[in-house]
Amino acid sequence: MNPQAKLVFTISLLLGTTITISSNHWVLAWTGLEINTLAILPLISKSHHPRAIEAATKYFLVQAAASTLVLFSSMTNAWHTGQWDITQLTNPTSSLILTTALAMKLGLVPFHFWFPEVLQGSSLPVGLLLSTAMKFPPITLLYMTSPSLNPTLLVTMALLSAALGGWMGLNQTQTRKILAFSSISHLGWMAIIISYNPKLTLLNFYLYALMTAAVFLTLNSTKALNLPTLMTSWTKTPALNAMLMLTLLSLAGLPPLTGFLPKWLIIQELTKQEMAPAATIISLLSLLGLFFYLRLAYCATITLPPHTTNHMKQWHINKPTNPMVAVLTTMSLTLLPVSPLIPPII
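What follows is the structure, given as structure tokens:
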């Protein structure tokens with residue numbers, strides 16, 4: 001892709017995100033979401049592969065439907081209350097439609113079907129954008145409207161997301177699909193707490209984005225798009241693969257790594273809200289995710305390829321590893337000790 005075109009699309013992504021997260025008016029927020037969608041489409045379809053074109057088409061249709069519902073929800077609310085302010089979403093029908101729209105934008109169950117397919121059709125760097133940057137504007141809208149949303153509906157969707165994200169990731173062999181189901185599962189953790197402590201949702205999202213970025217950039221360095229390729233990458237970059245294993249365990253939420261921090265705080269908050277059964281169920285469902293993270297970690301580090309293999313090995317990495325990988329991996333492993341500083345913030 002032309003560097004100037006790529007620059008325009010990247011600036012548009014930043015602009016769309018900034019407009020949405022800084023707006024108070026529904027129409028401005030909707031405009032930001034539309035700019036975001038239109039900027040990411042050329043990046044998804046830039047390889048001109050049929051699967052990439054299919055992914056871009058699916059992404060466009062889903063996001064267009066979700067944006068229409070956002071506009072419909074805000075118009076219904078303005079019709080009943082005369083308010084276009086995002087924080088003044090008081091009409092129950094509007095809040096229900098908005099929850100549906102943002103669930104579609106994020107890929108929460110039962111509106112999750114598009115996400116693994118779109119991620120599979122994209123390259124790893126674009127997949128990283130879809131999993132992190134493109135989810136930030138809808139999460140901020142959920143944050144701003146959280147007092148008006150239906151807690152029962154959100155908790156139900158969250159538990160279903162954690163269950164299906166874990167279950168459907170079990171038999172996948174493509175790393176992008178595994179990371180897509182991992183994203184759906186993590187969204188469940190974010191959605192379950194949004195009505196009770198929205199700041200915890202944002203904390204969870206930031207740490208999730210940090211860990212996922214480390215995993216995506218590592219896989220991009222080793223060009224590992226599926227498990228057989230991941231098995232042969234140990235011989236190329238042993239240190240990078242060892243760090244990938246620890247980052248995956250952090251993403252699974254094992255102590256004493258960074259990923260344990262948001263899960264710990266969310267379980268604590270749910271218990272305070274007398275929702276111990278929900279906390280127990282979502283904790284047990286995270287074991288499903290732990291299984292496929294362990295499988296990825298096992299393939300990356302413990303399984304050495306046999307000497308007689310038909311797999312074409314790429315013995316040299318064409319370009320040096322992105323320096324951001326080192327920073328992100330370090331933060332993905334070592335942020336748990338700062339947890340005493342967090343309770344005053346939230």
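Under UniProt numbering, the first residue of the sequence shown is numbered 1, with each subsequent residue one higher. Glycine residues also receive a C-beta, built at the ideal position from the N, C-alpha and C atoms.
Listed in chain order, the non-local C-beta contacts of I342 below 8 Å within the same chain comprise L203, L261, L265, local neighbours out to five positions each way being set aside.
Of the candidates Y196, H48, S45, S67, the residue whose Cα lies closest to the Cα of E274 is Y196. Here F181 has G165, M168, G169 as same chain residues with Cβ atoms under 6 Å from its own Cβ, once five neighbours each way along the sequence are excluded. Between the region 120-128 and the region 60-71 there are fewer than three C-beta pairs closer than 8 Å, too few to call the two in contact. Assignment of H80 by DSSP, reduced to helix, strand and coil, places it in the helix class. Listed in chain order, the non-local C-beta contacts of T81 below 7 Å within the same chain comprise Q88, T90, N91, local neighbours out to five positions each way being set aside. In the three-state reduction of the DSSP assignment, H186 falls in the helix class. In chain order, L106 place their CB closer than 6 Å to the CB of K135, counting only its own chain and leaving out the 5 sequence neighbours on each side. Judged by DSSP secondary structure, W114 falls within the alpha helix (DSSP H) whose first and last residues are 114-121. When DSSP reads this structure, Q63 sits in no beta bridge, so it has no partner. One alpha carbon belongs to P238, the other to T222, and they sit about 11 Å apart. Here the alpha carbon of T10 sits roughly 10 Å from the alpha carbon of Q4. One alpha carbon belongs to P277, the other to L285, and they sit about 12 Å apart. In this structure, the alpha-carbon of F216 lies about 15 Å from that of A242.
Three or more Cβ pairs closer than 8 Å define a contact, and the region 67-78 falls short of that threshold against the region 108-119.
Its Cα nearest to that of N77, the residue S148 stands out among M1, S148, I21.
Per DSSP, P337 is not a residue of any alpha helix (DSSP H), being assigned neither H nor E. If you draw a 10 Å sphere on the C-beta of H49, you find fewer than 16 other C-beta atoms in it, and that means exposed.
When rounded, the separation of the alpha-carbon atoms in M144 and L270 is 20 Å. Considering only E117, L159, N36, the residue with the shortest C-alpha distance to A55 is E117. According to the DSSP secondary-structure assignment, H25 is paired through a beta bridge with D85. The beta-carbon separation of P137 and N36, rounded to 6 Å, stays under the 8 Å limit for a contact.
Rounded to the nearest whole angstrom, the CA to CA distance from P198 to L290 is 25 Å.
Taking the Cβ atoms as the reference, T212 lies roughly 12 Å from L244, outside the contact range of under 8 Å. Taking every protein chain shown into account, the CB of I302 has fewer than 16 other CB atoms within 10 angstroms, so this residue is exposed. Taken in chain order, the unbroken stretches of alpha helix (DSSP H) that lie wholly in the region 206-258 and span 4 residues or more are 227-231, 238-252.
In the DSSP assignment, T301 falls outside any alpha helix (DSSP H) and carries neither an H nor an E.
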